[in-house]
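Report on the structure given below.
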Amino acid sequence: MPYHVLKPICLILAVAALVFGLVGMALSFLAMMSQNSTDVIAGAAGFVAGAIFLAAGLLSLTVLSLARTTATIAKSPERELFEASA
25 MPYHVLKPIC LILAVAALVF GLVGMALSFL AMMSQNSTDV IAGAAGFVAG
75 AIFLAAGLLS LTVLSLARTT ATIAKSPERE LFEASA
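The sequence shown begins at 25 in our numbering and counts up by one.
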C-alpha cells in the first residue's frame, strides 16, 4: 500500500489505542477500589494492560510524526543543494 493510504489508517489505530488505554486504566482503577482481593488483582492487571495500550498509542503517534518530519527533510531543497555541491 502507498504511504498516503497507509498513514491515515495507522493514525486512526494509534489514536484508538491511546483512547482504549485511557478508558481501560480508568475502569480498572474503579475495580481496584473494591474490598475483594481478587477484584483488586484483576483491576491491577487491567490497569497494566491499559498502560501498555496507552504507551503503544503514544509511541505510534511519535513514530508517525517523525516519519512526516523525516520525509520533509529528505525532500527539502537545502538537502538537494548540499548533495549537489558534494
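Every residue, glycine too, gets a C-beta built ideally from N, C-alpha and C.
Keep in mind that this is a model prediction, so the values were computed, not measured.
Assuming residue i contacts residue j (C-beta within less than 8 Å), just tell me the rounded distance between them.
i: Gly74; j: Met49; result: 4 Å
i: Leu42; j: Leu78; result: 6 Å
When you compare only the Cα positions, how much space is there between residue i and residue j?
i: Phe71; j: Val29; result: 33 Å
i: Pro32; j: Leu46; result: 21 Å
i: Ser54; j: Val87; result: According to the sequence displayed, residue 54 carries Leu and not Ser. If you take the alpha carbons of Leu54 and Val87, they lie about 32 Å apart.
i: Ala66; j: Ile76; result: 15 Å
i: Ala69; j: Asn60; result: 15 Å
i: Ala38; j: Pro26; result: 18 Å
i: Phe44; j: Leu90; result: 23 Å
i: Ser52; j: Thr62; result: 12 Å
For the alpha helix (DSSP H) holding residue i, just list the boundary residues, first then last.
i: Pro32; result: 27 to 56
Give every residue of the same chain whose Cβ lies closer than 7 Å to the Cβ of residue i, excluding the five residues on either side of it in the sequence, and list them in chain order.
i: Val64; result: Met56, Ser58
Please work out which residues of its chain come closer than 8 Å, Cβ to Cβ, to residue i, disregarding the five sequence neighbours upstream and downstream, and give them in chain order.
i: Cys34; result: Ser84, Leu88
i: Ala40; result: Gly81
i: Ile36; result: none
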